[in-house]
Amino acid sequence: MNKQLKFNFNPFKEGLNHVLGTLEKDIMEVVWRRGESSVKDILNTFPANKNISYSAVITVTNRMTKKGLLKKRKMGKAYYYKPAYTKEQFFEIVSKKVVEGVSKFSLKSAMVHFVDYMSQADPEKIEYFSKLIESKRQRQ
122 MNKQLKFNFN PFKEGLNHVL GTLEKDIMEV VWRRGESSVK DILNTFPANK
172 NISYSAVITV TNRMTKKGLL KKRKMGKAYY YKPAYTKEQF FEIVSKKVVE
222 GVSKFSLKSA MVHFVDYMSQ ADPEKIEYFS KLIESKRQRQ
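Counted the way my numbering counts, the sequence shown spans residues 122 to 261.
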């Protein structure tokens with residue numbers, strides 16, 4: 122985890138596209154699933170109708186390396202890319218940064234909306250969060 126991970130959060134997108142461009146998301150899904158992959162390997166996993174060029178994948182993987190999303194190494198004439206973080210680590214980092222960012226607007230509002238959302242999405246989570254809050258309180 123050498124580099125600071127860089128991303129922007131867009132609340133109007135869905136899923137991984139909240140923080141990754143479409144091609145970035147597709148590339149990350151490939152390297153998370155396959156592990157280390159060359160540009161050719163990545164490109165070969167895309168459907169033929171996707172119509173993405175080799176040079177586009179090279180450009181995006183190099184940008185993703187600079188952003189701290191991927192690590193690369195040269196083997197022969199090809200570069201191989203692997204994720205800098207597991208999918209779970211990535212989600213944890215993004216979630217933490219998003220919560221920190223939203224909390225700077227209004228911590229109270231962020232927490233109210235989070236609890237409202239969780240109670241609608243999964244009512245059983247309210248009990249989990251209640252116990253989590255209580256355990257944090259007891260440690261202080």
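Where a beta carbon is used, it is the ideal one built from N, C-alpha and C, also for glycine.
Predicted model, so just to flag it, every value in this text is computed and none were measured.
In this structure, the CA atom of T186 is about 13 Å from the CA atom of S159.
Collapsing the DSSP output to three states places Y202 in a strand. Residue W153 holds the alpha-carbon nearest to the alpha-carbon of P204 among K127, W153 and Q259.
Excluding residues up to 5 positions away in sequence, K188 and G189 lie with their Cβ nearer than 7 Å to the Cβ of K127 in the same chain. Scanning the region 192–243 for uninterrupted alpha helix (DSSP H) segments of 4 residues or longer gives 208–242, listed from N- to C-terminal end. Separation of the CB atoms of V236 and V140 is rounded to 23 Å, and the pair is thereby denied contact status at 8 Å. Of the residues K198, L191, L144 and K217, the one whose Cα lies closest to the Cα of T166 is L144. About 6 Å separates the Cβ atoms of L191 and T182, confirming a contact at the 8 Å cut-off.
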